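Protein chains in written order, with numbering that gives the first Met the number 0: chain A, 0 to 212; chain B, 0 to 212; chain C, 0 to 212; chain D, 0 to 212.
There are 4 protein chains.
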Amino acid sequence: MRARNSASKQQAEGRARSFTETGRRAQIVASAIDVIAEVGYQRASFAKIAQRAGLSSTGMISYHFDGRDDLMREVVAEAMRVADGYLRPRIEAHESYAARLRASIEGNLDLLAEYPNHLAAIGEVLGNLRGGDPGMVAFTEGMEAILAFQVEQVRKGQAAGEFCDFDPWVMLRAIRAAIDDVVRRARDEPGLDACATGRELADLFDRATRKTP
Amino acid sequence: MRARNSASKQQAEGRARSFTETGRRAQIVASAIDVIAEVGYQRASFAKIAQRAGLSSTGMISYHFDGRDDLMREVVAEAMRVADGYLRPRIEAHESYAARLRASIEGNLDLLAEYPNHLAAIGEVLGNLRGGDPGMVAFTEGMEAILAFQVEQVRKGQAAGEFCDFDPWVMLRAIRAAIDDVVRRARDEPGLDACATGRELADLFDRATRKTP
Amino acid sequence: MRARNSASKQQAEGRARSFTETGRRAQIVASAIDVIAEVGYQRASFAKIAQRAGLSSTGMISYHFDGRDDLMREVVAEAMRVADGYLRPRIEAHESYAARLRASIEGNLDLLAEYPNHLAAIGEVLGNLRGGDPGMVAFTEGMEAILAFQVEQVRKGQAAGEFCDFDPWVMLRAIRAAIDDVVRRARDEPGLDACATGRELADLFDRATRKTP
Amino acid sequence: MRARNSASKQQAEGRARSFTETGRRAQIVASAIDVIAEVGYQRASFAKIAQRAGLSSTGMISYHFDGRDDLMREVVAEAMRVADGYLRPRIEAHESYAARLRASIEGNLDLLAEYPNHLAAIGEVLGNLRGGDPGMVAFTEGMEAILAFQVEQVRKGQAAGEFCDFDPWVMLRAIRAAIDDVVRRARDEPGLDACATGRELADLFDRATRKTP
DNA sequence: AATGAATGAGGCTTCATTCAT
DNA sequence: CATGAATGAAGCCTCATTCAT
Numbered sequence: 000m001r002a003r004n005s006a007s008k009q010q011a012e013g014r015a016r017s018f019t020e021t022g023r024r025a026q027i028v029a030s031a032i033d034v035i036a037e038v039g040y041q042r043a044s045f046a047k048i049a050q051r052a053g054l055s056s057t058g059m060i061s062y063h064f065d066g067r068d069d070l071m072r073e074v075v076a077e078a079m080r081v082a083d084g085y086l087r088p089r090i091e092a093h094e095s096y097a098a099r100l101r102a103s104i105e106g107n108l109d110l111l112a113e114y115p116n117h118l119a120a121i122g123e124v125l126g127n128l129r130g131g132d133p134g135m136v137a138f139t140e141g142m143e144a145i146l147a148f149q150v151e152q153v154r155k156g157q158a159a160g161e162f163c164d165f166d167p168w169v170m171l172r173a174i175r176a177a178i179d180d181v182v183r184r185a186r187d188e189p190g191l192d193a194c195a196t197g198r199e200l201a202d203l204f205d206r207a208t209r210k211t212p
Numbered sequence: 000m001r002a003r004n005s006a007s008k009q010q011a012e013g014r015a016r017s018f019t020e021t022g023r024r025a026q027i028v029a030s031a032i033d034v035i036a037e038v039g040y041q042r043a044s045f046a047k048i049a050q051r052a053g054l055s056s057t058g059m060i061s062y063h064f065d066g067r068d069d070l071m072r073e074v075v076a077e078a079m080r081v082a083d084g085y086l087r088p089r090i091e092a093h094e095s096y097a098a099r100l101r102a103s104i105e106g107n108l109d110l111l112a113e114y115p116n117h118l119a120a121i122g123e124v125l126g127n128l129r130g131g132d133p134g135m136v137a138f139t140e141g142m143e144a145i146l147a148f149q150v151e152q153v154r155k156g157q158a159a160g161e162f163c164d165f166d167p168w169v170m171l172r173a174i175r176a177a178i179d180d181v182v183r184r185a186r187d188e189p190g191l192d193a194c195a196t197g198r199e200l201a202d203l204f205d206r207a208t209r210k211t212p
Numbered sequence: 000m001r002a003r004n005s006a007s008k009q010q011a012e013g014r015a016r017s018f019t020e021t022g023r024r025a026q027i028v029a030s031a032i033d034v035i036a037e038v039g040y041q042r043a044s045f046a047k048i049a050q051r052a053g054l055s056s057t058g059m060i061s062y063h064f065d066g067r068d069d070l071m072r073e074v075v076a077e078a079m080r081v082a083d084g085y086l087r088p089r090i091e092a093h094e095s096y097a098a099r100l101r102a103s104i105e106g107n108l109d110l111l112a113e114y115p116n117h118l119a120a121i122g123e124v125l126g127n128l129r130g131g132d133p134g135m136v137a138f139t140e141g142m143e144a145i146l147a148f149q150v151e152q153v154r155k156g157q158a159a160g161e162f163c164d165f166d167p168w169v170m171l172r173a174i175r176a177a178i179d180d181v182v183r184r185a186r187d188e189p190g191l192d193a194c195a196t197g198r199e200l201a202d203l204f205d206r207a208t209r210k211t212p
Numbered sequence: 000m001r002a003r004n005s006a007s008k009q010q011a012e013g014r015a016r017s018f019t020e021t022g023r024r025a026q027i028v029a030s031a032i033d034v035i036a037e038v039g040y041q042r043a044s045f046a047k048i049a050q051r052a053g054l055s056s057t058g059m060i061s062y063h064f065d066g067r068d069d070l071m072r073e074v075v076a077e078a079m080r081v082a083d084g085y086l087r088p089r090i091e092a093h094e095s096y097a098a099r100l101r102a103s104i105e106g107n108l109d110l111l112a113e114y115p116n117h118l119a120a121i122g123e124v125l126g127n128l129r130g131g132d133p134g135m136v137a138f139t140e141g142m143e144a145i146l147a148f149q150v151e152q153v154r155k156g157q158a159a160g161e162f163c164d165f166d167p168w169v170m171l172r173a174i175r176a177a178i179d180d181v182v183r184r185a186r187d188e189p190g191l192d193a194c195a196t197g198r199e200l201a202d203l204f205d206r207a208t209r210k211t212p
């Protein structure tokens, strides 16, 4: 496998990846998630990631990924896949928009308690993107799409009379920022009760969004 | 001037800095703030900062500052000095705790409109600290002290019946995170209306904190 | 190969080094010995060593060795290995303590004639250690151990009536110093007859140590 | 005063130095001796020397001395002046060549006890010379002249029947090396009794040189 | 697939020196 | 005389990447 054929491109081309190939890639991505969560995006060097993956050479990472950006894309994609698998059922278990918002907030922090590194990795990678970064643009757009979906949901909630009047974009960014902040705090404060903080945040944003009679 | 005598130490020793010395240091700090805001903490190399400051070599930065940490300390100190000078009068112009909270939020984003790089630099530096970073610990503690003061204010507001019942730490961190998020967005979206977003955020957290009868 | 796993550590871990790995390391060490002997410990920069080893960048040295100290450790270890292999049989070929002392002195200078750089490198590295140098402490202790062994031999010689009464430590340090001095002289005086000087020194210290009836 | 007119050149030109000029130069030389003795020749940077001399800028050293080599020349000249003033009367107080040799050895180590840094500085500077060093050649020649004088004395002692037959050059270099070794040891071992070691060394070389009946 | 080796760029620091004031 | 500032070189180190095997 040539590195320049990144995983996504290959799938688009319809060629199946071998088991080992998939395995190694996944292993590297998993190690990258851990390392990024531990030392941050910039300090997560190929050397550290290879070491954690049990590889004796950073060359293998360059072999499997078409550069650092490609690896980081996979890191976020994998972490988001896990997050989505965890959150979607919990959110869709509720009917009302307000309950779903609460489930989303609390779910994120329950997820943090269960997978301490995934949300941190997402935050690190996305937080270190710069406007001009080529190759990562599609990424920002992906996140934007998710946010746009949530905005749509909130708008429906407002239309349904569940939420008061506010700018959904500002609200949802504030929620995301508050969650990410807890994720960062959890990194340095092992004793932090993420779930309790999640409930507190859910209460906070419930007051900020609900329609007062 | 010996670099290892950082500005604060020198002042503590009572020795006055020469005009030029102060000037170059300030110029380097100002350049650092700009570079950090533009490319981020990790990518803000001495080379880029020196170039922006009109210096021909990175050696001059090592000459004026006792290493990267020392420079970053000055960066945050300077940015916080500016922010404090801007925000304090605006906040203290109000009597009620709720009004002061609103003034704080809106003030931060007005400040962002006026000094687009200072808050970004603070966020970048503090956001890239890791638990074990020696030499920067005093910094985290400094921020914690500011937050603790605000927590105390909020508690008084709760006691005074202006605010409803919530965990002040969680609330204030959420506010800080929301503001920092706007700061980051402003970096990549030149068209963003920071002041309007400030008012929206102030409304949001007003609903989240105010006592409902 | 990870540089931070120095050769000794790796061997302790039981992992075999590849042929090339050993080769390059050995080549770098050999080049370092030459450069150190030529320009001295402090002026033996990675750049010079890399150049002599046919490497295009100093990065390779950092890749193979965990810093300057690690390289210097290997330099001394290798030079001492060679010296030991050369001297031990020559010394142990003799029975009496006096003859062994003579063999040791003459052997050192014969070794100098054969390997002009090894003793010089040892002297340069050890001579540039300072008390507080961390990481090199084990080294000084290693040399001290060798000296302590020789002291013990001399004491036995005294007990056996071969040597007169003197402080073995002072004597052995004087011998070592005299040998090292010749090593340094040989560096700048190509015409020096090391072996003849060795015999002269052996005579000198024979008179200084032998029991007079 | 222009640095390029070094002290010696100026005296040769017959121009008197001002008091301050002489004072500063002497102060810098004295500081250099201390710093060199403490951290070694190579690590004795202008910065450290200036700091110890109470100067706030290394520029003053470049102003007073025509480069590092010039300073080092003065360091050795000054240290040798002190050593000569101390040793000469002690040596000349004796008549026999053997007694003078003993006085020389013991005197050097008494000197070490009294001026712990001067002999160390001499040894550091001279020990770091390399053959090709331009500008320092005159220096080695100076030392060689001293040694040549001592050699002459020893030859006379041999002719007078006080000493046995040996190569005076080898003997005197061995003595010098042994003394310098004690000087280096004294640097790292504060408890060392230099005078006692001096007596032991004097005994050693007395046995090595005296005529046995 | 995997490894170890190599590269070249870039990072921060220290140094001796020069210069305007 | 003295200072602080500036320079340019050199030093060691880390990094992502490439390549032969």
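All C-beta atoms in this analysis are idealised placements derived from N, C-alpha and C, irrespective of residue type, glycine included. Computed from a prediction, not measured in an experiment: that's the story for all the values here.
- Taking C-beta separations shorter than 6 Å and ignoring five residues to either side along the sequence, the partners of tyrosine 85 of chain B in its chain run Leu110, following chain order.
- With its beta carbon less than 8 Å from one in chain D, glycine 39 of chain C belongs to the interface.
- Excluding five sequence positions before and after valine 38 of chain B, none of the CB atoms of its chain fall closer than 6 Å to its own CB.
- Annotation: the continuous alpha helix (DSSP H) that includes phenylalanine 45 of chain A extends over 45–51.
- Each residue's CA atom was taken as its position, placing tyrosine 40 of chain C and alanine 31 of chain C some 9 Å apart.
- Interface annotation for the region 103–130 of chain C against chain D: Gly126, Asn127, Arg129 and Gly130, criterion Cβ-Cβ distance under 8 Å.
- CA-to-CA, the gap between leucine 108 of chain B and isoleucine 27 of chain D works out to about 56 Å.
- Taking 8 Å as the threshold, the shortest C-beta distance from glutamate 199 of chain A to chain B falls below it.
- Proximity of leucine 203 of chain B to chain A, defined by a Cβ-Cβ separation below 8 Å, is satisfied.
- When A:Met170, A:Leu54, A:Glu73 and A:Leu70 are compared, the shortest CA-CA separation from arginine 209 of chain A is found for A:Met170.
- Per DSSP, the continuous alpha helix (DSSP H) segment holding tyrosine 96 of chain C begins and ends at 96–113.
- By DSSP's assignment, phenylalanine 204 of chain D forms no beta bridge with any residue.
- With a beta-carbon spacing of about 5 Å, alanine 176 of chain C and alanine 177 of chain D fall inside the 8 Å limit used to define contacts.
- Taking a cut-off of 8 Å for Cβ pairs, the region 40–49 of chain A and the region 121–131 of chain A touch, as three or more such pairs fall below it.
- Between the beta-carbon of phenylalanine 165 of chain A and that of glutamate 199 of chain B there is about 7 Å, and that keeps the pair under the 8 Å contact cut.
- For threonine 211 of chain A, the chain B residues whose C-beta falls within less than 7 Å of its own C-beta are Thr211, listed in chain order.
- Under the DSSP assignment, methionine 135 of chain A falls outside any alpha helix (DSSP H); it carries neither an H nor an E label.
- Interface annotation, arginine 154 of chain D: not in contact with chain C, CB-CB separation never under 8 Å.
- Contact fails between the region 178–198 of chain B and the region 189–197 of chain A, because fewer than three Cβ pairs, one in each stretch, are under 8 Å apart.
- Taking all protein chains in view, the Cβ of aspartate 33 of chain A is crowded by 16 or more other Cβ atoms within 10 Å, so the residue is classified as buried.
- In the structure shown, arginine 172 of chain C falls within a helical segment according to DSSP collapsed to helix, strand and coil.
- Listed by position along chain C, the residues whose Cβ is nearer than 9 Å to that of alanine 82 of chain D form an empty set, because the closest Cβ is around 19 Å away.
- Around the beta-carbon of aspartate 69 of chain C, 16 or more other beta-carbon atoms lie within 10 Å, marking it buried.
- In this structure, the straight-line span from the alpha carbon of tyrosine 96 of chain C to that of leucine 203 of chain C is close to 16 Å.
- With at least 16 other beta carbons inside 10 angstroms of its own, isoleucine 60 of chain C counts as buried.
- Using a 10 angstroms sphere on the CB of isoleucine 145 of chain D, the tally of other CB atoms stays under 16, which defines it as exposed.
- Interface flag for aspartate 69 of chain D against chain C is unset, since no Cβ pair is found closer than 8 Å.
- Exclusion of the five residues before and after arginine 89 of chain A leaves Ala102 and Gly106 as the residues of its chain whose Cβ lies within less than 7 Å of its Cβ.
- In the structure shown, the three-state DSSP call for phenylalanine 162 of chain D is strand.
- Here valine 182 of chain D has Leu111, Leu118, Ala119 and Gly122 as same chain residues with Cβ atoms under 7 Å from its own Cβ, once five neighbours each way along the sequence are excluded.
- Among the bridge pairs identified by DSSP, arginine 67 of chain C is matched with none.
- In summary, the residues of the region 168–198 of chain C whose CB is separated from some CB of chain D by less than 8 Å are Val169, Met170, Arg172, Ala173, Arg175, Ala176, Ala177, Asp179, Asp180, Val181, Arg183, Arg184, Arg186, Asp187 and Thr196, in the order they occur in the chain.
- Around the C-beta of glycine 58 of chain C, fewer than 16 other C-beta atoms lie within 10 Å, and the residue is accordingly described as exposed.
- Ranked by how close their Cα comes to the Cα of alanine 173 of chain A, the residues B:Ile35, B:Gly197, B:Ala158 and B:Glu151 have B:Gly197 in first place.
- For arginine 101 of chain A, not one C-beta of chain B is nearer than 8 Å to its own C-beta.
- Nearest to arginine 67 of chain D by alpha-carbon distance, out of D:Ala49, D:Val81, D:Gly53 and D:Asp83, is D:Ala49.
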